[in-house]
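Q: What follows is a single structure, and I will ask about it in a moment.
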Amino acid sequence: MIPLSVLDLAPVCEGSSPQQAFGNMLDLAQHAERWGYRRFWLAEHHNMPGIASAATSVLIGHVAGGTSTIRVGAGGIMLPNHSPLQVAEQFGTLASLYPGRIDLGLGRAPGTDHATARALRRYFDSADQFPQDVTELLHYFAPAQPGQSVQAVPGAGVDVPVWLLGSSLFSARLSAAMGLSFAFASHFAPDSMDEALALYRRDFRPSEHLREPYAILALNVVASESEAESRRLFTTQQQSFVNLRRGRPGQIPPPVEDIEAFWEPHEKSGVERALACTVLGDPAQVAEGLQAFAQRHRPDEMLLTANIFDHTARLRSFELAMQAWQASHV
């Protein structure tokens with residue numbers, strides 16, 4: 060059975076606060092651990108009122124400390140915003156505190172707008188240095204050598220699996236060349252998914268980090284007792300995408316009864332294309348959708364995300380998704 064994992068953004072819903080978002084985040088991680096999810100990943104975003112996962116490594120430590128077996132990591136850290144040494148130190152620390160449980164996914168986008176990227180003190184131009192930064196970061200995780208002038212303490216010699224993330228062919232090509240695991244952001248940018256996956260597997264070179272290619276695909280999954288309710292819950296994600304494209308990102312909105320009254324035809328088309336990798340419905344429909352996605356694309360792992368306003372409904376969605384997936388493999 061292909062493993063399922065969780066991607067969370069610590070969503071801040073309207074009328075709520077980051078503090079509440081963090082409580083919900085940990086609660087979801089604890090439930091996901093009991094339900095059998097393999098990983099719980101958090102993603103770095105900045106200057107977005109509806110996403111509280113800016114200090115990603117801090118939250119990873121919080122989640123890892125509140126769980127016991129599930130792997131916890133970054134999906135991902137936006138490397139252009141940080142020096143490789145700082146990332147190595149942070150994740151070397153996390154992996155020393157929680158051995159065998161920490162993942163480090165790396166992205167080359169800033170995870171924000173240009174003004175905020177400048178405020179982070181590392182300019183978006185540094186994305187051009189991404190391959191060199193990844194190489195430098197991997198060097199800091201290697202055992203320290205005699206006379207090495209700069210070491211990650213902790214970090215040197217610590218086991219931290221590194222993934223490259225992407226929504227285009229760039230990271231697929233780079234992860235194949237470097238022999239690293241690869242995760243594709245098909246949950247919001249699916250256009251190049253098939254080509255990127257094929258390129259990664261075709262060009263993969265075994266390395267000291269990984270002997271065979273390993274690819275994760277992400278998708279939106281909204282499960283409930285009925286298709287109508289799942290579609291209603293999914294309007295939260297649809298509204299969030301429209302608001303972002305209108306230049307008005309805000310806190311996560313509650314679902315609406317009539318999404319057609321909310322968006323313009325061109326907005327609907329754009330959102331449906333961006334969220335094409337979505338499975339929703341009752342348990343039987345979700346099982347069928349997950350099976351179809353897995354059979355078509357053959358990922359090594361699937362990373363599920365669900366931007367659902369009500370925390371109880373969000374928990375139930377992840378529970379039903381795992382139950383449906385397991386039942387389909389009995």
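So in this note's numbering, the last one in the sequence shown is 389, and the numbering has no gaps at all.
Glycine is no exception: its CB is placed at the ideal position from the N, C-alpha and C atoms.
#1: So, do the stretch 142-149 and the stretch 192-201 have three or more beta carbon pairs nearer to each other than 8 Å?
#2: Got a sec? Which residues, its chain only, sit under 8 Å from residue 123 by beta carbon, not counting five neighbours each side?
#3: Using only the alpha-carbon positions, how far apart do residue 105 and residue 175 sit?
#4: Using the three-state DSSP reduction, which class does residue 318 fall into: helix, strand or coil?
#5: Could you pull the DSSP bridge partners for residue 166 from this structure?
#6: Can you pull the DSSP bridge partners for residue 152?
#7: What residues are listed by DSSP as bridge partners for residue 361?
#8: Are the Cβ atoms of residue 368 and residue 312 separated by less than 8 Å?
#9: Which residue wins for smallest C-alpha separation from residue 213, given the options 229, 151 and 203?
#10: Check each candidate in 205, 307 and 69 and name the one with the smallest Cα separation from residue 172.
#11: How is the beta strand (DSSP E) around residue 82 delimited, first residue to last?
#12: Compare the Cα-Cα distances from residue 190 to each of 323, 296, 163 and 138 and report the closest residue.
#13: On the DSSP bridge assignment, give the partners of residue 110 in chain order.
#14: How long is the line joining the alpha carbons of residue 243 and residue 370, rounded to whole angstroms?
A: In brief:
#1: yes
#2: Your numbering for residue 123 matches position 64 in the sequence shown. Contacts found: 131, 153, 156, 157, 160 and 161.
#3: On the sequence shown, position 46 is the one that residue 105 refers to. On the sequence shown, position 116 is the one that residue 175 refers to. CA-to-CA, the gap between residue 105 and residue 175 works out to about 7 Å.
#4: Here residue 318 corresponds to residue number 259 of the sequence shown, with the count starting at 1. Of the three classes helix, strand and coil, the one that applies to residue 318 here is helix, per DSSP.
#5: As a first step, residue 166 is located in the sequence shown; it is residue number 107 there, counting from the start. Partner(s): 137.
#6: Counting from one through the sequence shown, the residue named residue 152 turns up at place 93. In the DSSP output, where bridge partners are listed per residue, residue 152 has none listed.
#7: Within the sequence shown, numbered from 1, the residue matching residue 361 stands at position 302. Residue 361 pairs with 63 and 276.
#8: Residue mapping note: residue 368 aligns to position 309 of the sequence shown, counting from 1. Residue mapping note: residue 312 aligns to position 253 of the sequence shown, counting from 1. Annotated as proximal: residue 368 and residue 312, with beta-carbon spacing under 8 Å.
#9: Taking the sequence shown and counting its residues from 1, one reaches residue 213 at position 154. Considering only alpha carbons, the answer is 151.
#10: Within the sequence shown, the letter at position 113 stands for residue 172. Closest option to residue 172, Cα to Cα, is 307.
#11: Counting from 1 along the sequence shown, the entry for residue 82 is found at position 23. Taken as a continuous stretch (DSSP letters only), residue 82 belongs to no beta strand (DSSP E), being part of the alpha helix (DSSP H) at 77-94.
#12: What you label residue 190 is simply residue 131 of the sequence shown in a count that begins at 1. The candidate whose alpha carbon is nearest that of residue 190 is 138.
#13: If you number the sequence shown from 1, residue 110 lands on position 51. Answer by DSSP bridge pairing, in chain order: 70.
#14: The sequence position of residue 243 within the sequence shown is 184, counting from 1. The sequence position of residue 370 within the sequence shown is 311, counting from 1. The straight-line gap from Cα to Cα measures roughly 26 Å.
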